[in-house]
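Colleague: Chains as they are written, first to last, in the numbering used here: chain A, 3 to 796; chain B, 397 to 631; chain C, 62 to 146.
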Amino acid sequence: MTESWIKRWLFTTNHKDVGLLYFFTSCYFGFIGAILALLMRVQLSVPNNNFLSALYYNQAVTMHGLIMIFWFLSPIALGLANYFVPLQIGAEDLAFPRINAMSYWLYLAGGILAVLSFFVPGGTANAGWTTYQPLAVLSLGTGPTLAYLGMVLLAASVTLGSVNFMVSIIWLRAAGVTLSKLPMFTWFMLFTIIAMLFAFPTLIAAFVLASADRIIGTTFFTSTGVQPSILWDNLFWFFGHPEVYIVLLPGFGIIANVLPQFTGRPLAGKTAILVATGLIVVPLSFGVWMHHMFLTGIPVSLQGAFSVATIAISIPFDIITLSFVESLIRGRVKFATPMLFALGGVVLFIIGGITGVFLSSPVLDRVFRGSYFVVSHFHYVMVGAAIFGIIAGIYYWLPRMTGRMYNERLGKIHFVLSFLGFNVLYFPMNLLFDMPRRIFTYSNIGDWGMLNGLATLGSFIFALAQILLAYNVINTWYRGPIAPANPWGSPDLEWNSHVEGMTPAMDSSVTPPAGGWIGQLATASDVHGPSATAAPGGHYGHLSSRPIEISLGALVFLAGTAFYPGPAGLGLMVVGALVVVYSFWGWGMDDLHDKFVVPPEPEGDRWPFSAVPKLKLGMWVFLSSEVVLFGSFLGAYVFIRAATAQWPIAGSIHEIPLGTFNTLVLVTSGFTMFLALQSIRNGDQRKLMAWLAATFVLGALFMGVKVAEWTNLGNGGFILANPAMSLAASAYFIVVGLHGAHVTAGLLLMLYLMKKTTRGFYTKDSHEAIENFGLYWAFVDIVWCFVFPLFYLL
Amino acid sequence: MYSGLLSLPPTTATFYSLLNWYLIFGIGAAIIVIAALVVFMVKFRYRGEKSPMPEHKVEGWKIVLITTLISMTVLTAAEYQTFAAFNNIEIPNNASCMANTGSPCVQIHLTAFQWGWNFTYPNGKSQINNLTVPAGRDVVVNISAKDVFHTFGIDMFAAKEDAIPGKTNHLWFIVPAVQVTAPPEVKVTCNSAGTWCQYLNAVRCFELCGVGHALMWANLTVISQSAWNTWMGGK
Amino acid sequence: MKTSIALGVWAYMVVAVLAEVEVFYMITAYSTAAAVITVLATSQAVAVVLFYMQLKDEPGSLRLFALIPIMFLSALFIALLASLG
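#1: The stretch 350-369 of chain A: which residues have C-beta closer than 7 Å to a C-beta of chain F, in chain order?
#2: So what does DSSP say about residue 622 (chain A), is it helix, strand or coil?
#3: Excluding five sequence neighbours on each side, which residues of the same chain lie with their C-beta closer than 6 Å to the C-beta of residue 581 (chain A)?
#4: Where are the alpha helix (DSSP H) runs, 4 residues long or more, that stay fully inside the stretch 45-97 of chain A, in chain order?
#5: If you measure from the beta carbon of residue 411 (chain A) to each beta carbon in chain B, is any gap under 7 Å?
#6: Give, in chain order, every unbroken run of the alpha helix (DSSP H) that is at least 4 residues long and sits entirely within the stretch 551-603 of chain A.
#7: Helix, strand or coil for residue 770 (chain A)? Go by DSSP, reduced to three states.
#8: So what's residue 543 (chain B) in DSSP terms, helix, strand or just coil?
#9: Provide the residue span of the beta strand (DSSP E) that contains residue 312 (chain A), from first to last.
#10: Contact criterion: CB-CB distance below 7 Å. Does residue 107 (chain C) meet it with respect to chain A?
#11: So the candidates are A:237, A:190, A:288; which of them puts its Cα closest to the Cα of residue 209 (chain A)?
#12: In the structure shown, what three-state DSSP assignment does residue 396 (chain A) receive?
#13: Looking only at its own chain, which residues have a Cβ that is under 7 Å from the Cβ of residue 369 (chain A), when we skip the five neighbours before and after it?
#14: Using a Cβ-Cβ cutoff of less than 7 Å, which residues in the same chain neighbour residue 106 (chain A) once the five nearest sequence positions on both sides are dropped?
#15: Mind pulling the chain A residues with CB within less than 8 Å of residue 452 (chain B)?
#16: Go ahead and label residue 599 (chain B) buried or exposed: buried means 16 or more other beta carbons lie within 10 angstroms of its beta carbon, across all protein chains shown.
#17: Against chain A, does residue 74 (chain C) count as a neighbour if the rule is that its beta carbon must be under 7 Å from one of theirs?
#18: So, are the CB atoms of residue 372 (chain A) and residue 438 (chain A) less than 7 Å apart?
#19: Residues of chain B with CB closer than 8 Å to the CB of residue 274 (chain A), please, in chain order.
#20: Is there at least one Cβ from chain A nearer than 7 Å to residue 578 (chain B)'s Cβ?
#21: For the stretch 275-285 of chain A against the stretch 223-237 of chain A, do three or more pairs of beta-carbon atoms, one drawn from each stretch, fall closer than 8 Å, so that the two count as touching?
#22: Check for me: the beta strand (DSSP E) holding residue 504 (chain B) runs from which residue to which?
#23: Does the distance from the C-beta atom of residue 431 (chain A) to that of residue 374 (chain A) stay below 7 Å?
#24: Measuring alpha carbon to alpha carbon, tell me which residue in A:742, A:135, A:689 is nearest residue 706 (chain A).
#25: Given residue 619 (chain A), which residues of its chain have a CB within under 6 Å of its CB, disregarding the five upstream and five downstream residues?
#26: Suppose you measure from the CA of residue 620 (chain B) to the CA of residue 573 (chain B); what does that come to, to the nearest Å?
#27: Would you say residue 563 (chain B) faces chain A, with C-beta separation under 7 Å as the test?
#28: Tell me which residue opens and which closes the beta strand (DSSP E) that residue 559 (chain B) is part of.
#29: For the beta strand (DSSP E) containing residue 615 (chain B), name the first residue and the last one.
#30: Within the 7 Å Cβ cut-off, does residue 346 (chain A) reach chain C?
#31: Which chain C residues sit within Cβ distance under 9 Å of residue 304 (chain A)?
#32: Less than 8 Å between C-beta atoms, sequence neighbours within five positions excluded: which residues of the same chain meet that for residue 629 (chain B)?
#33: Please identify, using Cβ separations under 7 Å, the residues of the stretch 114-130 of chain A that lie next to chain B, in order along the chain.
#34: Suppose contacts are defined by Cβ-Cβ distances below 7 Å. Is residue 90 (chain A) in contact with residue 64 (chain C) by that definition?
#35: Excluding sequence positions up to five away, which residues of its chain have a Cβ less than 6 Å from the Cβ of residue 47 (chain A)?
#36: Skipping 5 residues on each side, what residues in its chain have a beta carbon closer than 6 Å to that of residue 225 (chain A)?
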């Protein structure tokens, strides 16, 4: 382990390296999740068992769900996507390599928080992965808080990642890679990240509210007068149902990508599959979540409407599944391991999909809800279809990642054991539709003992089978026979830049072969390895220490938050915040001194955003997810207001004249920011500086008035601890605080922009940063346009 | 699973006839599609170079159209059956209870707590972990929770509803006789006079509510109408 | 975009903020006031998006994209209120 080896893996921003980091880290979390699952299965293997206590069982059931869904399923797909999406579109890297690395490190930091939560007194979260309220905010200890803050970090990581992938897939396609030629895996990742982009902000909002309840004593989910459970269910499942497809679609993409390679014929109904997924599944996935809430007392008409929507979303899946089946007709079906897993995934999806149709009926839900039938259903979909698809991808791309061939016979044994173990594990659960889920013990009634015993047997077969996969991957990596350049004869781009015998460690030294499938563009990704270009001053052009520093800072900050208000907690928060600010500043300075080499953009097809520059597109995509973030907070506030009879009369708490003045200040800063942009468009750097300074002063004034207002409110008894004001104060401080944080971030950014302006960085023709900052600042302005009337006037 | 000798509560009967529809559609569809996959997979397996050259047609709009039409038909039929069974989840008012049984609905209040069930009856009495209902009367349970989210479920009546703090939800069922069919996991004890039957652990919690979740049960006692009237003392 | 238009937008923003406050003091019927104020706030947001963020000069695809989160959010708002029931 040389210094450069350590540096490479800690500071890398190369998409392949980050992909591998994602891949192995998610395998590690998958291992933890699997151990938790096995502990549960041991406990349930026989009736009246006392291997795990109720509390330990609840913790296992909770963290199994959270870890598997958020730290294993999605990230392992993101790992493969990191590695292969750029290769499939002929890009050198993702659009924002440092943000990509930051996504990874934030994901790991969140995972570390989640795992740490096991080791604090009282243990970890125990209210189920669905974190139903008010149980979750009432459960004691720092453990759950750590886990929930880990979720916030993870969601932040996913949001950054989705912006990055979105821009990359639009902007970095090589010449000739039009959308119609995009490989299916990339297509499905595009669908996945669009769903992620709009679903995860709501998750952030939900977990921020819950964490605030636990840490600073807000009362969003503890004041029973406002139906907190309904608020949580809506926020959580508005995210949660799209999340199901977020987990599923990468696996489907791999299946769609792999099938044609082993049938020797094109995928049937490719356009129909894309239309069904992109135009029906993804949008409609945001409109079916209430089928998780049939029993919460929502009106029968609403149950009917969501039942119909849920039924409707199964139609595109019928089209997809049957197209997969049709793709076998008149082909030459070869049963290599990836194909076996792809076909196995389709079969398991058929079963899981059909049980899903059962669950769409509110009448049947009166028996199935909260039972093992549900457990079986979502494991068939999320393990069966999604993980079998991912495993197909691992075998399929292993030769591309290692340059070596895996052991085919071992792969086939792995498939047979997995498929068998899976069904022995989950099929009996369909028959256990009368057994409540998440119970740590049961008495020996009916056939429960036998069916549970069978499930436990299956779980061990399934788990042990995965050792074969691990062995096969490691063995291939070190000792596998050299693979042919394109072992499956694939026309896709990622295979046509392949070099025999290449291992990732050797990437940087190889030259890509001439001529690929699309002519000129054998991807240059192989040449620009992590240490390919050294910038002046001895820094590696493609290495950056900032992503890991920032994530470490965030980790320390949030760990401190969990222990707030203890002195250690406060200390950690200060240190963490300083590290974050310092490293962001360093990030900016790296840019100022050209220490980081951003890979060049290929001149390719950029439809449908051809006329929108890369950074601007990134900003718009980011802001669109911010819309959902603020919208979720405001939605929660409106819900609380509508559900509460007693609320402080408008005007009695907040000083309206002061609020109006402050609103005018912010509105005016929007105008001055626009004038700043206008100035540099005319090439006037002095005016740019002047208007930026004006904007900064107005923004700072706005924050100053805020501080004064908050002080007054605190002195006037508008505090969380005051029962009469608690809920109103909770909503006000969280929403306005979040907006204030955005303004503060804007002020810091402006300092940086002004520093660059003084050095003459911006010119008439090059001032993207000013324009993009203008978008951000205007957005902050818009948010306040809603916050002001909602909190001060209504 | 149910023997045909005893009478089946109507909500249960509706549930099972609906479930049968879904099972016929579901198992049928699963068998057809999986069988097709296996048949094609075997029939078109690669047999060396003597295999016929593969298809090159990309689009299969015809099959997409057929799939959509068949799925829509089957799913609409299933959804229609569900809507026809909505009587199970609609809460009757007093008028419909009168029309149905000749008496107003029996209103029982339930407060779920960590970890048990507190039932309060029209006569003001309450019972912990035992739900007593009269046979032959429409029963409406008004459900709330004291502390956290629970789910109140009586599987043998195919009835289930969330118990949520700060909110009252409703659930309806009718037990046609003192002794009705119960699934194998519910033990039944009846007295010899036939005026009551007790269904052991027929009520369970179906939402994770803390360490006591697994043991959050209640018994169901069905008593005859005359016994009920006596107990109510004319109320 | 001309600076005069930007100035006009700023003037509209100021007027709208003052109008909101005016409505708050003048109209006592809560639902009427709420409706008027919501409309004013929305119009401010639209003005900023179109002019300061210059969405009106962007290609149609981006304009369409900006509508997606609004669409999803509307679903969330409607359902949140409907589920209060």
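No residue lacks a Cβ here, since even glycine has one placed at the ideal position from N, Cα and C.
Modeller: Straight from the coordinates:
#1: Of the protein chains in the structure, A, B and C, none is chain F.
#2: helix
#3: 555
#4: 56-68, 76-91
#5: no
#6: Every alpha helix (DSSP H) of 4 residues or more that sits fully in the stretch 551-603 of chain A is shown, in chain order, as 569-594.
#7: helix
#8: coil
#9: Run containing residue 312 (chain A): none in the beta strand (DSSP E); it sits in the alpha helix (DSSP H), 302-328.
#10: no
#11: A:237
#12: Correct three-state label for residue 396 (chain A): helix.
#13: 435
#14: 20, 23, 24
#15: 267, 268
#16: buried
#17: yes
#18: yes
#19: 455, 456, 457, 460
#20: no
#21: no
#22: Residue range 502-509 is occupied by the beta strand (DSSP E) that includes residue 504 (chain B).
#23: yes
#24: When each option's Cα is compared against that of residue 706 (chain A), the closest is A:742.
#25: If the five residues before and after residue 619 (chain A) are omitted, its C-beta is found closer than 6 Å to the C-beta atoms of 169, 611, all from its own chain and listed in chain order.
#26: C-alpha separation (whole angstroms): 8 Å.
#27: yes
#28: 555-559
#29: 613-619
#30: no
#31: 140, 143, 144, 146
#32: 519
#33: 129, 130
#34: no
#35: 455, 458
#36: 729
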